[in-house]
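I have placed the structure first, in the form of structure tokens, so that the comments after it can refer back to it.
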Amino acid sequence: MWTAACLQGILQCFDQIACVHMSGLFGCCHRFCSRLFSLIVKGGGTSLTYFNAFLTPSPIVCPTCYTWFQSKNRVWEKMPRIIKDLMPGDLEFQMFVLDELADELIAKGADVLKLTIGVTELFMPKVALDVMIEKLKDPDFVRRVYPEGLPELREAIAQFYNRRYKADISIDNVIVNTGSSPIFRNLFQLLSGPEYEIMIPRPYYALYMYCAKLAGATIKFYDIDINTKRVDIESFQQNFSSERTSLVVVNSPGNPVGNIVTPDELRKIYEIVNHQAYVLNDEIYNNTMFYDEFHSPLEILPDHRDMTIVTNSFSKGFRMYTKRVGFAILPTELQTNLRVIQQHTLLCTDPCYQYGMIAALADEANPAELTAVYRDRAQYTTNRLEGTRCTPIGAEGGFYAILRCEEWNKAMGFPSSKELARDILNKVHVAVVPGTDFGVPHDLRLAFCNDRYNEGIDRLYDYFSSANAVHESEAVYAQ
Numbered sequence: 006m007w008t009a010a011c012l013q014g015i016l017q018c019f020d021q022i023a024c025v026h027m028s029g030l031f032g033c034c035h036r037f038c039s040r041l042f043s044l045i046v047k048g049g050g051t052s053l054t055y056f057n058a059f060l061t062p063s064p065i066v067c068p069t070c071y072t073w074f075q076s077k078n079r080v081w082e083k084m085p086r087i088i089k090d091l092m093p094g095d096l097e098f099q100m101f102v103l104d105e106l107a108d109e110l111i112a113k114g115a116d117v118l119k120l121t122i123g124v125t126e127l128f129m130p131k132v133a134l135d136v137m138i139e140k141l142k143d144p145d146f147v148r149r150v151y152p153e154g155l156p157e158l159r160e161a162i163a164q165f166y167n168r169r170y171k172a173d174i175s176i177d178n179v180i181v182n183t184g185s186s187p188i189f190r191n192l193f194q195l196l197s198g199p200e201y202e203i204m205i206p207r208p209y210y211a212l213y214m215y216c217a218k219l220a221g222a223t224i225k226f227y228d229i230d231i232n233t234k235r236v237d238i239e240s241f242q243q244n245f246s247s248e249r250t251s252l253v254v255v256n257s258p259g260n261p262v263g264n265i266v267t268p269d270e271l272r273k274i275y276e277i278v279n280h281q282a283y284v285l286n287d288e289i290y291n292n293t294m295f296y297d298e299f300h301s302p303l304e305i306l307p308d309h310r311d312m313t314i315v316t317n318s319f320s321k322g323f324r325m326y327t328k329r330v331g332f333a334i335l336p337t338e339l340q341t342n343l344r345v346i347q348q349h350t351l352l353c354t355d356p357c358y359q360y361g362m363i364a365a366l367a368d369e370a371n372p373a374e375l376t377a378v379y380r381d382r383a384q385y386t387t388n389r390l391e392g393t394r395c396t397p398i399g400a401e402g403g404f405y406a407i408l409r410c411e412e413w414n415k416a417m418g419f420p421s422s423k424e425l426a427r428d429i430l431n432k433v434h435v436a437v438v439p440g441t442d443f444g445v446p447h448d449l450r451l452a453f454c455n456d457r458y459n460e461g462i463d464r465l466y467d468y469f470s471s472a473n474a475v476h477e478s479e480a481v482y483a484q
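All residue numbers for the sequence shown refer to the working numbering, where the first residue is 6 and numbers rise by one.
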């Protein structure tokens, strides 16, 4: 068994791992070493060699655990470099970290308002729910398996885009998956690799970067001016390579900024790409436009459909996040490749949920209601927080608002928005997402998805206005 002195000695060696507690959590030496190993990896370590010097058979570590650590190290060194680079640490999705920290406080009785995950509080459309319930009762229907998605849903998606955006697509251009996120993973793997580059916007949705890393591709950024919400075409021109760039990602309305890529900006992007790379348009928020109509490249750039990919989902404006049904519209040859991938890795998406999505496509009232509610919340954010030392950026669409907090962080001594988000959570019980998830390390992202959202903004106003917000060293929480 470990003595208190032994435990203290190890903790002194790894004092950056602040979440280790000594209150009887580890019943034996080996269990403690196993936990310590996982904590070190979680803290961002990519090899055990940097701490082997501390872990000798005596006096701190027993021979059994020393042997165990060495075996772990040998297995670790066999792992491909790409896997080592993808271990947690800076890549861990802080959105979920903060959401879970909020849940811990709620479990203790705290009144915490969560502005973290983009899951609407508005209930799913009844028209879709009724269809799902009906199909769940059909023993034959629940057994339907189509790796590429139900033909009925794929046909409905094609008709929806043809009707709304004059897209001129067929069922053979549509593929369905369990949300749009797995589609990104498959497409990045299919279209890129270590010898290629993928261009993503900055700020970015974290999924884009992670999928690019999984593919082993080099990541290049083009900038979105957060203050004006405009695409920096010059940065796009500078970072695009006709030889190396295989895939370009466009997100409109954007996450986290809420910016809209204008038709003119789209034309300039496609002009630079000039059929030398695929352009993936993430349109997941296209039915949550606050002020203008949405324009898909399938509509305004018909001559580029051979290199255009569109991804979308029923998670956001259609209000069905946890039902996990997304889709892509893409050239036929890519649809065929994805279909084969999904035959081996996905097998099927729930057919009852898929049939509910057919009903959702015909329902315009529920997305319109959500859009009106979130537009009001976006405006309240801007009006309420304007003039504080964290500048709100007015969203043009989507589920989120950005707060620019670099000045505040510098004044309070916060290294990044990670520490700021934890301080806000603990002082005023509002959970927000650090901008480190999106490539803007001093900013915060707020999700409109809470029926007490405005109260959360009022609490943030109090935080940024109160003397209690003055930074104290004990209020900064280690990762």
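Ideal Cβ placement from N, Cα and C applies to all residues, glycine included.
Candidates V330, T250, R272: which alpha carbon is nearest R159's?
Residue mapping note: residue 159 aligns to position 154 of the sequence shown, counting from 1. It is V330 whose Cα lies nearest to the Cα of R159.
Label K119 either buried or exposed according to how many other C-beta atoms from any shown protein chain fall within 10 Å of its C-beta, with 16 as the threshold for buried.
Sequence index remark: in the sequence shown, residue 119 carries index 114 (1-based). The residue in question, K119, is buried, as its Cβ has 16 or more Cβ neighbours within 10 Å.
Could you give the residue range of the alpha helix (DSSP H) that holds L192?
The residue given as residue 192 occupies position 187 in the sequence shown. Residues 186-196.
Spatial distance of T223 from S197 (CA atoms):
In the sequence shown, counting from the first residue as 1, residue 223 sits at position 218. In the sequence shown, counting from the first residue as 1, residue 197 sits at position 192. When rounded, the distance between both Cα atoms is 9 angstroms.
What are the uninterrupted segments assigned as alpha helix (DSSP H) that are 4 or more residues long and contained completely in the segment 359-424, given in chain order?
Within the segment 359-424, the alpha helix (DSSP H) runs of at least 4 residues that lie entirely inside it are, in chain order, 370-390, 411-417.
Whose C-beta lies closer than 8 angstroms to the C-beta of E374 among residues of the same chain, with five residues either side of it excluded?
Reading the sequence shown from its first residue, position 369 is the one you call residue 374. Hits under 8 angstroms: L127.
Contact under 8 angstroms by Cβ, G399 with T387:
Counting from 1 along the sequence shown, the entry for residue 399 is found at position 394. Counting from 1 along the sequence shown, the entry for residue 387 is found at position 382. Yes, the pair counts as a contact, with Cβ atoms nearer than the cut-off.
Are the CB atoms of F189 and I203 within a distance shorter than 8 angstroms?
Numbered from 1 along the sequence shown, position 198 holds the residue referred to as residue 203. Numbered from 1 along the sequence shown, position 184 holds the residue referred to as residue 189. Against a cut-off of 8 angstroms, the Cβ pair of F189 and I203 comes out as no contact.
Own chain partners of Y466 with C-beta closer than 7 angstroms, once the 5 adjacent residues on each side are dropped:
Along the sequence shown, one-based indexing puts residue 466 at 461. Taken in chain order, the residues that qualify are R389, L390, T393.
L303 and V315: beta carbons closer than 8 angstroms?
Here the question's residue 303 lines up with position 298 in the sequence shown. Here the question's residue 315 lines up with position 310 in the sequence shown. Yes, the Cβ-Cβ distance between L303 and V315 is below 8 angstroms.
Tell me the rounded alpha-carbon separation between I238 and K415.
For the purposes of this step, residue 238 is taken as the residue at position 233 of the sequence shown. For the purposes of this step, residue 415 is taken as the residue at position 410 of the sequence shown. When rounded, the distance between both Cα atoms is 30 angstroms.
For F443 versus K321, is the C-beta spacing smaller than 8 angstroms?
What you label residue 443 is simply residue 438 of the sequence shown in a count that begins at 1. What you label residue 321 is simply residue 316 of the sequence shown in a count that begins at 1. No. Outside cutoff.
For the alpha helix (DSSP H) containing M137, name the first residue and the last one.
Locating residue 137 in the sequence shown gives position 132, counting from the first residue. Note, M137: alpha helix (DSSP H), 131-141.
Just checking my contact of V147 with H434 at CB under 8 angstroms: how many whole Å lie between their CB atoms?
Translated into positions along the sequence shown, residue 147 becomes position 142. Translated into positions along the sequence shown, residue 434 becomes position 429. With a Cβ gap of about 42 angstroms, V147 and H434 do not count as contacting.
Entirely within the segment 438-464 and at least 4 residues each: give me those alpha helix (DSSP H) ranges in chain order.
none
If you follow the beta strand (DSSP E) that A333 is in, where does it begin and where does it stop?
Position 328 of the sequence shown holds residue 333. Boundaries of the beta strand (DSSP E) around A333: 331-334.
Along the chain, where does the alpha helix (DSSP H) that runs through I305 open and close?
What you label residue 305 is simply residue 300 of the sequence shown in a count that begins at 1. I305 -> alpha helix (DSSP H) spans 302-305.
Report whether the distance from the Cβ of S470 to the nearest heavy atom of the ligand NAD is below 7 angstroms.
For the ligand NAD, the structure offers nothing, since it holds no ligand at all.
Give every residue of the same chain whose Cβ lies closer than 6 angstroms to the Cβ of C24, excluding the five residues on either side of it in the sequence, and list them in chain order.
Here residue 24 refers to the residue found at position 19 of the sequence shown. Caution is warranted here: a pLDDT of 36 is assigned to C24, below 50, making its placement in the model unreliable, and the coordinate value is therefore given only provisionally. Contacts found: none.
Can you check DSSP and say which residues form a bridge with I224?
Counting from one through the sequence shown, the residue named residue 224 turns up at place 219. Paired residue(s): I203.
Is L335 close to chain C, meaning its C-beta is less than 8 angstroms from at least one C-beta of that chain?
Included in the structure is just one protein chain, with no chain C present.
Relative to the C-alpha of I346, which candidate in N167, N191, E412 has its C-alpha closest?
Looking up residue 346 in the sequence shown gives position 341. The shortest Cα separation from I346 among N167, N191, E412 belongs to N191.
Please confirm whether D287 and N256 have their CB atoms less than 8 angstroms apart.
Here residue 287 corresponds to residue number 282 of the sequence shown, with the count starting at 1. Here residue 256 corresponds to residue number 251 of the sequence shown, with the count starting at 1. Closer than 8 angstroms, so yes.
What are the boundary residues of the alpha helix (DSSP H) that L96 is part of?
For the purposes of this step, residue 96 is taken as residue 91 along the sequence shown, with counting starting at 1. Taken as a continuous stretch (DSSP letters only), L96 belongs to no alpha helix (DSSP H), as it is neither H nor E.
Minimum C-alpha distance to R409 - residue among P420, A383, P446:
Translated into positions along the sequence shown, residue 409 becomes position 404. It is P446 whose Cα lies nearest to the Cα of R409.
Under 7 angstroms Cβ to Cβ from N244, same chain only, skipping five residues before and after it: list those, please.
Start at 1 with the first residue of the sequence shown, and residue 244 comes out as number 239. Only M204, K225, F226, Y227 meet the Cβ criterion.
If we call anything under 8 angstroms between Cβ atoms a contact, is D355 one with V132?
As a first step, residue 355 is located in the sequence shown; it is residue number 350 there, counting from the start. As a first step, residue 132 is located in the sequence shown; it is residue number 127 there, counting from the start. Going by C-beta atoms, D355 is not nearer than 8 angstroms to V132.
Using 8 angstroms as the threshold, is the C-beta distance between R149 and L141 below it?
Position 144 of the sequence shown, counted from the start, is the residue given in the question as residue 149. Position 136 of the sequence shown, counted from the start, is the residue given in the question as residue 141. Result no, Cβ atoms of R149 and L141 do not sit closer than 8 angstroms.
Would you list the residues sitting across from D230 in a DSSP beta bridge?
Locating residue 230 in the sequence shown gives position 225, where the first residue counts as 1. In the DSSP output, where bridge partners are listed per residue, D230 has R235.
Endpoints, beta strand (DSSP E) assigned at L352
Looking up residue 352 in the sequence shown gives position 347. Premise fails: L352 is in no beta strand (DSSP E) and is neither H nor E.
To which residues does DSSP link L118 through a beta bridge?
Taking the sequence shown and counting its residues from 1, one reaches residue 118 at position 113. DSSP, once it has assigned bridges, lists V435 as partnering L118.
Let me check one thing: in DSSP terms, what residues is T267 bridge-paired to?
Counted from its first residue, the sequence shown places residue 267 at position 262. In the DSSP secondary-structure assignment, T267 is not bridged to any residue.
Using a threshold of 8 angstroms, state whether the C-beta atoms of P261 and I407 are closer than that.
To locate residue 261, count along the sequence shown from 1; it is residue 256. To locate residue 407, count along the sequence shown from 1; it is residue 402. Yes, Cβ-Cβ distance for P261 and I407 is below 8 angstroms.
Closest by CA to N264, which one among Y296, Y275, S246?
Here residue 264 corresponds to residue number 259 of the sequence shown, with the count starting at 1. Comparing Cα-Cα distances from N264 to each of Y296, Y275, S246, the minimum goes to Y296.
What does a CB cutoff of less than 8 angstroms around N293 pick up in its chain, not counting 5 residues either side in sequence?
Position 288 of the sequence shown, counting from 1, holds the residue named residue 293. Note that residue 293 corresponds to Thr in the displayed sequence, not to Asn. Around T293: P258, K321, G322, P372, L375, T376, Y379, G402, G403, F404.
Could you tell me the alpha carbon to alpha carbon distance between L451 and T121, rounded to whole angstroms?
If you number the sequence shown from 1, residue 451 lands on position 446. If you number the sequence shown from 1, residue 121 lands on position 116. Each residue's Cα considered, the two are about 6 angstroms apart.
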